[in-house]
Every structure is written in structure tokens, then in C-alpha cells.
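Residue numbers (this note's numbering): 12 to 94.
Right, one structure below, let's go through it.
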Amino acid sequence: MPRDSLKSQKKKRLQEITKPAIKTFTGNEVVKIATNTPQDNATEADFLGYNYYEWCGDSNLYASGYAARTNELQNITVPIFFF
12 MPRDSLKSQK KKRLQEITKP AIKTFTGNEV VKIATNTPQD NATEADFLGY
62 NYYEWCGDSN LYASGYAART NELQNITVPI FFF
């Protein structure tokens, strides 16, 4: 099994366990872990955090590469936060 697939399976399993527990104890349904291929709400990420450091110093949307990144992510159905 490819290493990335194993990581994705572990993340999905973690969310399957974590989301119900968080909802039960806090009433909050948000879990901050992303998966590659969500199949249902129990394993689907509530939002995506994207560490991206190309836009540093004097730059703009296009020179930094952010324009290309936003185009790549345009079909994501959850909120995306760039860090």
C-alpha cells in the first residue's frame, strides 16, 4: 500500500473516532483534519488549512503563485484557510 494511502486511511479513521466524541462532549462538530478522499460526513474534513509561504515580502497575487493555487483549489467544497 502506498505510504500516502496509509496516511489518508489513518486520518480518516481518526476523524471517524474524533468527530462523534467532540460532538458528544462539546456539541461542536468541527474537526481540523483533512483527508484525500472523503466518502461520508463522518470522515469528511470540515475545512482545509493550507500552509503556503510563496507570498512573502514584496509580491502580488500572480507573482506569488497564489493565483495558480486558488485556481487549483476552486472545486473544494469546504472553507480553505491559507496560513
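C-beta atoms are modelled at their ideal positions from N, C-alpha and C, and glycine is treated no differently.
Model, not experiment: these values are computed from the prediction.
In the DSSP assignment, find the unbroken alpha helix (DSSP H) run with residue i in it and report its ends.
{"i": "residue 77", "result": "77-83"}
Is any beta-carbon of chain C found at less than 8 Å from that of residue i?
{"i": "residue 22", "result": "Absence of chain C from the displayed structure is noted, only one protein chain being present."}
How far does the beta strand (DSSP E) with residue i in it extend, from its first residue to its last?
{"i": "residue 61", "result": "59-61"}
{"i": "residue 91", "result": "91-93"}
Mind checking residue i: buried by the 16 CB within 10 Å criterion, or exposed?
{"i": "residue 98", "result": "For residue 98 there is no data in the structure shown, the boundaries of the chain being 12 and 94."}
{"i": "residue 34", "result": "exposed"}
According to DSSP, is residue i helix, strand or coil?
{"i": "residue 25", "result": "helix"}
{"i": "residue 35", "result": "helix"}
{"i": "residue 70", "result": "coil"}
Could you tell me how far apart the beta carbons of residue i and residue j are, in whole angstroms, since I believe they sit closer than 8 Å?
{"i": "residue 58", "j": "residue 31", "result": "That belief does not hold up - the Cβ atoms of residue 58 and residue 31 are roughly 18 Å apart, past 8 Å."}
{"i": "residue 61", "j": "residue 92", "result": "7 Å"}
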